[in-house]
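In my numbering, the protein residues as written are 19 to 193.
The beta-carbon is built from N, C-alpha and C at its ideal position, and this holds for glycine as well.
Structure, as structure tokens:
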């Protein structure tokens with residue numbers, strides 16, 4: 019009997035909460051978390067992270083992980099970030115979304131990964147116009163390296179791995 023009463027209470031609370039939506043509320047306007055990754059392009063108030071460009075507007079919050087506010091001008095290629103966006107990602111390549119929050123990761127591991135990513139990007143970039151995406155970064159501490167999977171935006175058929183030494187950020191090889 020107590021279980022049935024609890025069930026009715028839960029249903030009543032769910033009904034009341036469901037009724038409390040404001041009339042202008044829209045499911046498309048929910049805030050979603052994008053894929054954590056590295057900034058590989060900053061262009062016209064847009065940030066490329068993996069395969070998505072996030073548009074930065076006057077309503078976009080940019081902060082470090084300690085809650086300190088940052089300006090778009092303080093963002094740099096190679097920074098590790100967690101993006102949140104509003105209204106979904108437009109299906110194109112790269113995808114497009116409106117950034118709600120860009121959280122810059124500043125912990126020791128993220129900064130070490132950032133140095134390795136910058137070294138890899140500097141090594142593979144032959145021209146200012148080349149654009150790369152960092153798909154994944156894997157640290158192999160026993161081998162003292164980062165394996166960084168990258169893709170050139172002009173050649174989407176294949177990715178490649180840049181191996182970077184984890185102390186000196188020296189490029190060891192590309193495969």
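Check	Outcome
If you pair each beta-carbon of the stretch 130 to 137 with each one of the stretch 99 to 112, do three or more pairs fall below 8 Å?	no
Looking at residue 135 and residue 166, is the spacing between their C-beta atoms short of 9 Å?	yes
For residue 138, tell me which candidate among 117, 116, 187, 60 has the shortest Cα-Cα distance.	187
Exposed or buried, what is residue 98 when buried is set at 16 or more other beta-carbons lying within 10 Å of its beta-carbon?	buried
Where does the unbroken beta strand (DSSP E) through residue 171 begin, and where does it stop?	Residue 171 -> no beta strand (DSSP E), and no H or E assigned at all.
Would you give the residue range spanned by the beta strand (DSSP E) that residue 142 belongs to?	That residue, residue 142, is in no beta strand (DSSP E); its alpha helix (DSSP H) goes 126 to 142.
Would you decide whether residue 192 is buried or exposed? Buried here means 16 or more other CB atoms lie within 10 Å of its CB.	exposed
What first and last residue would you give for the beta strand (DSSP E) that runs through residue 103?	98 to 108
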